[in-house]
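Chemist: Quick one: this structure, given as structure tokens, is what I'll be asking you about.
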Amino acid sequence: MTKPKILRKLEGGDRRSIGRSNEVVAEVLAERKLFSDLFAGFSFDDPVVRARAADAVEKVSVIHPEYLRPYRATLVGELARCEQKEVRWHVAQMLPRLRWNARERQEVCDILTGYLCDSSSIVKTFAMQALADLTTQAPELRPAVLRQLKKLTVRGTPAMRARGRKLLAELSGSIRRQARSAKGRRAG
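For what it's worth, our numbering labels the leading residue of the sequence shown as 98, then goes sequentially.
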């Protein structure tokens with residue numbers, strides 16, 4: 098497979114560096130058609146290119162989550178199963194940015210729950226955040242997510258415990274606001 102020009106900018110160095118990832122993000126934001134070339138970076142054998150492509154795709158998806166729509170099956174399929182930690186933590190960030198039906202949400206939830214067992218604390222922390230984010234479109238998942246977050250807030254790494262406390266506070270506040278809103282609608 099010939100490497101697109103945009104992916105050649107992601108070569109070199111090691112996975113701990115984002116290299117020219119931000120430059121690539123700017124190019125893709127200026128020219129949408131480059132997104133498919135960038136997404137193709139997930140398919141290359143070079144772990145540096147895969148890591149940086151994951152970083153760039155995730156950054157673009159913050160601004161344009163709709164760019165991910167054609168890649169939904171790939172995100173929950175081969176990319177979700179990828180063992181490379183840099184790919185996993187970016188996939189975790191991207192999954193809640195898409196709208197999923199009930200069956201797909203459960204699949205996404207299962208993927209993210211699986212990531213909670215990853216050897217990388219970064220993957221685990223991003224999975225915690227992603228699970229919490231997913232509950233905004235899937236309130237039915239909130240009780241299970243709250244249980245998971247409570248466990249990880251007790252036994253996780255310091256970063257996971259801190260993130261867990263923050264997420265628990267946010268989700269608890271959200272539940273209280275919804276209850277007050279529902280009570281107000283019934284009273285009116």
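Ideal Cβ placement from N, Cα and C applies to all residues, glycine included.
May I have the straight-line CA-CA distance separating V205 from V173, to the nearest angstrom?
Modeler: In a straight line, the C-alpha of V205 is about 7 Å away from that of V173.
Chemist: If you compare alpha carbons, which of K221, R202, T99, G110 is closest to A235?
Modeler: The shortest Cα separation from A235 among K221, R202, T99, G110 belongs to R202.
Chemist: Considering just the uninterrupted stretch of the alpha helix (DSSP H) at E201, what are its terminal residues?
Modeler: Looking at the DSSP string, the run of the alpha helix (DSSP H) that includes E201 is 199–212.
Chemist: Within a Cβ cutoff of 7 Å, which residues of the same chain sit near L176, ignoring the five residues on either side of it in sequence?
Modeler: The answer, listed in chain order, is F139, V184, V188.
Chemist: Just how far apart, CA to CA, sit T254 and G261?
Modeler: Roughly 10 Å separates the two Cα atoms.
Chemist: Let's test the definition: count the other Cβ atoms within 10 Å of the Cβ of P167 and tell me whether it reaches 16, buried, or not, exposed.
Modeler: Exposed, by the Cβ-count rule.
Chemist: Between the C-alpha atoms of V145 and R112, what's the straight-line distance to the nearest angstrom?
Modeler: Approximately 5 Å between the Cα atoms of the pair.
Chemist: Thinking C-alpha only, which one of P193, I115, A148, Q226 is nearest S158?
Modeler: The shortest Cα separation from S158 among P193, I115, A148, Q226 belongs to P193.
Chemist: Taking the straight line between their C-alpha atoms, what separation do you get for P162 and A127?
Modeler: Taking the straight line from one Cα to the other gives about 15 Å.
Chemist: What whole-angstrom Cβ distance do I219 and K182 have, given they're in contact under 8 Å?
Modeler: Sure, about 7 Å apart at Cβ, within 8 Å.
Chemist: Any idea if E237 is buried or exposed, counting beta-carbon neighbours within 10 angstroms, 16 or more meaning buried?
Modeler: Result: exposed.
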